[in-house]
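S.K.: For the sequence shown, this note's numbering gives the first residue as 690, with consecutive numbering after it.
Where a beta carbon is used, it is the ideal one built from N, C-alpha and C, also for glycine.
I'd like to ask some things about the structure below.
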Amino acid sequence: MDRYTEIRSFVLVAEKGSFAAAALVEGVTPVVMGRRLDALERRLGVKLMHRSTRGLTLTELGEQLVDQGRSLLREFDEIERALSAGRDVVRGHLVVSAPAAFGRRHVALHATAFKALHPELRMSFNFTDSLVDLVREGYDMAIRIGEVTDPNYVAVRLFPNRRVVCATPDYFERHGIPRQPEDLARHNCLAFNLAGGQQRGWTFQRDDKLFAVRVEGDLACNDGELLFDWVRQGLGVGWRSTWEIQAELKRGELVTVLDEFAVPSYDIQAVYPQQRHLPAKVRRFIDHLKAIYNAPGYWEAPRAAEGGVRSGKGAA
690 MDRYTEIRSF
700 VLVAEKGSFA
710 AAALVEGVTP
720 VVMGRRLDAL
730 ERRLGVKLMH
740 RSTRGLTLTE
750 LGEQLVDQGR
760 SLLREFDEIE
770 RALSAGRDVV
780 RGHLVVSAPA
790 AFGRRHVALH
800 ATAFKALHPE
810 LRMSFNFTDS
820 LVDLVREGYD
830 MAIRIGEVTD
840 PNYVAVRLFP
850 NRRVVCATPD
860 YFERHGIPRQ
870 PEDLARHNCL
880 AFNLAGGQQR
890 GWTFQRDDKL
900 FAVRVEGDLA
910 CNDGELLFDW
920 VRQGLGVGWR
930 STWEIQAELK
940 RGELVTVLDE
950 FAVPSYDIQA
960 VYPQQRHLPA
970 KVRRFIDHLK
980 AIYNAPGYWE
990 APRAAEGGVR
1000 SGKGAA
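Okay, here's the thing in structure tokens:
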């Protein structure tokens, strides 16, 4: 039993004048209240209260503890209220990881508006297509595209997304349209070559079962935005996220194929380590991005200025 509960129960019994009245306030039985007093007296090694059929009488030491206990309980409650209020204040240092192209175009772009709302906050970003360990590397949160399987993380969906096969209309006129994922073997597929990226192939779904198709092409790199630019130039077929190509699809600059085989969920998610109390800086930034991403027409709007913001984890 914790010391706070013992002292609170003792003070309450002294104020109410009986175990029954104090137990009613606490929502327990009088026997429980008696056990708490016994535990407190055993721990302190003193007698705090005399109990008889005529009622309860405090000892001299009991009188002292009632006065001091009230003061301690008030201080504890004030500290608890202050900490509770502080949970809703956005301050401190928010450190965020995100995929490189997505981070520049859809995270950093909205950071300044969030910072303006919360002047006590510092923000740092690391935009990389490598998977980072949030806890070991000191990140508060990350934006990730696709499934999150680590049970030590909490994932919050910001916007639905899929991975689709796409190219320019001119490319498909010249090379034909693939009808089955296996047909991609006859196409110039522009793949991500970062270790652990797309080396195992592009993933599809058929009859509710996932499978991968190994692809090859004459251009590959570890920069998703460069791959996307090559696709837009008509140099080959890409396996891109729907968030990335909405504006080009709307203008007819790109078209998708094999949509019936696309994996249904490859969502944009905010990820943070499991913790009892989520800091306000993380919770509010997640809400900020979610509201922007779900605004009508956001993903069809013209692309942000090329270059964006590139900053390391240590920069604020």
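#1: Could you name the residues of the same chain whose beta carbon sits closer than 7 Å to that of Thr694, not counting the 5 residues immediately before and after it, in chain order?
#2: Report all residues from its chain with a CB closer than 7 Å to the CB of Arg868; omit the five preceding and five following residues, and keep chain order.
#3: Please state the DSSP three-state secondary structure of Leu713.
#4: Taking the C-alpha atoms as reference points, what is the distance between Gly734 and Glu749?
#5: Below 7 Å CB to CB, which residues in the same chain sit around Phe803 once its five sequence neighbours on both sides are set aside?
#6: Am I right that Arg852 and Ser930 are in contact with their C-beta atoms under 8 Å? What's the rounded C-beta distance?
#7: Could you tell me whether the Cβ atoms of Leu879 and Gly913 are closer together than 7 Å?
#8: How far does the alpha helix (DSSP H) with Gln894 in it reach, from first residue to last?
#9: At the level of alpha carbons, what is the spacing between Val916 and Ala790?
#10: Of the residues Pro985, Val720 and Gly923, which one's Cα is nearest the Cα of Asp859?
#11: Tell me which same chain residues have a C-beta within less than 7 Å of the C-beta of Asp818, skipping the five on either side of it?
#12: Just tell me which of Leu806, Ala711 and Phe765 has its CA closest to the CA of Arg692.
#13: Can you give the Cα-Cα distance for Ala711 and Glu730, rounded to whole angstroms?
#14: Measure the CB-CB distance between Gly758 and Met738 and report whether it falls below 7 Å.
#15: Contact defined as beta carbons within less than 8 Å: I believe Ala805 pairs with Phe893. What is the distance between those atoms, to the nearest angstrom?
#16: Output needed for Phe900: all residues of its chain with C-beta closer than 7 Å, excluding positions within five of it in sequence on either side, in chain order.
#17: Determine the DSSP secondary structure at Gly886, reduced to helix, strand or coil.
#18: Check Ser813 in the structure and name its three-state DSSP category.
#19: Does DSSP classify His782 as helix, strand or coil?
#20: Val926 and Ala990: beta carbons closer than 7 Å?
#21: How many whole angstroms separate the CB atoms of Asn877 and Tyr955, which I take to be in contact at a CB cut-off of 8 Å?
#22: I'd like to know whether the C-beta atoms of Arg740 and His782 end up nearer to each other than 7 Å.
#23: In whole angstroms, what separates the C-alpha of Gly890 from that of Arg972?
#24: Where does His864 sit, in a helix, a strand or coil, going by DSSP?
#25: Give me the Cβ distance between Trp932 and Phe848, rounded to the nearest whole Å; I'm assuming they're in contact under 8 Å.
#26: Please identify the residue among Arg921, Val946, Asp948 and Glu949 whose C-alpha is closest to the C-alpha of Glu937.
#27: Using beta-carbon positions only, say whether Pro985 and Val824 come within less than 7 Å of one another.
#28: If we ignore side chains and look at the alpha-carbon of each, how far apart do Trp928 and His799 end up?
#29: My output table needs one value for Leu747: the three-state DSSP class, helix, strand or coil.
#30: Just verifying my parser: in three-state terms, what is the DSSP assignment at Ala990?
#31: Sort Tyr982, Lys970, Lys979 and Val785 by Cα distance to Pro808 and report the nearest one.
#32: Reducing DSSP to helix, strand and coil, say where Lys898 ends up.
#33: Would you identify the three-state DSSP class for Val673, choosing helix, strand or coil?
#34: In angstroms with no decimal places, state the Cα-to-Cα distance between Gly827 and Ser786.
M.R.: Here's the rundown:
#1: Arg725
#2: none
#3: helix
#4: 14 Å
#5: Phe974 and His977
#6: 6 Å
#7: no
#8: From DSSP, Gln894 is part of no alpha helix (DSSP H) but of the beta strand (DSSP E) over Trp891 to Arg895.
#9: Checking the sequence shown, residue 916 turns out to be Leu, not Val. Roughly 11 Å between the two C-alpha positions.
#10: Gly923
#11: Pro788, Ala789, Leu883, Asn911 and Gly913
#12: Phe765
#13: 18 Å
#14: no
#15: Not confirmed; about 43 Å, so no contact.
#16: Phe893
#17: For Gly886, the predicted model reports a pLDDT of 48, less than 50, meaning its position is unreliable; a value from the coordinates is still stated below. In this structure, Gly886 counts as coil in the three-state DSSP scheme.
#18: strand
#19: strand
#20: no
#21: The Cβ separation is near 23 Å, so there is no contact.
#22: no
#23: 35 Å
#24: helix
#25: 7 Å
#26: Arg921
#27: no
#28: 26 Å
#29: strand
#30: coil
#31: Lys970
#32: strand
#33: Lying outside 690 to 1005, the shown extent of the chain, residue 673 is not represented and no answer is given.
#34: 10 Å
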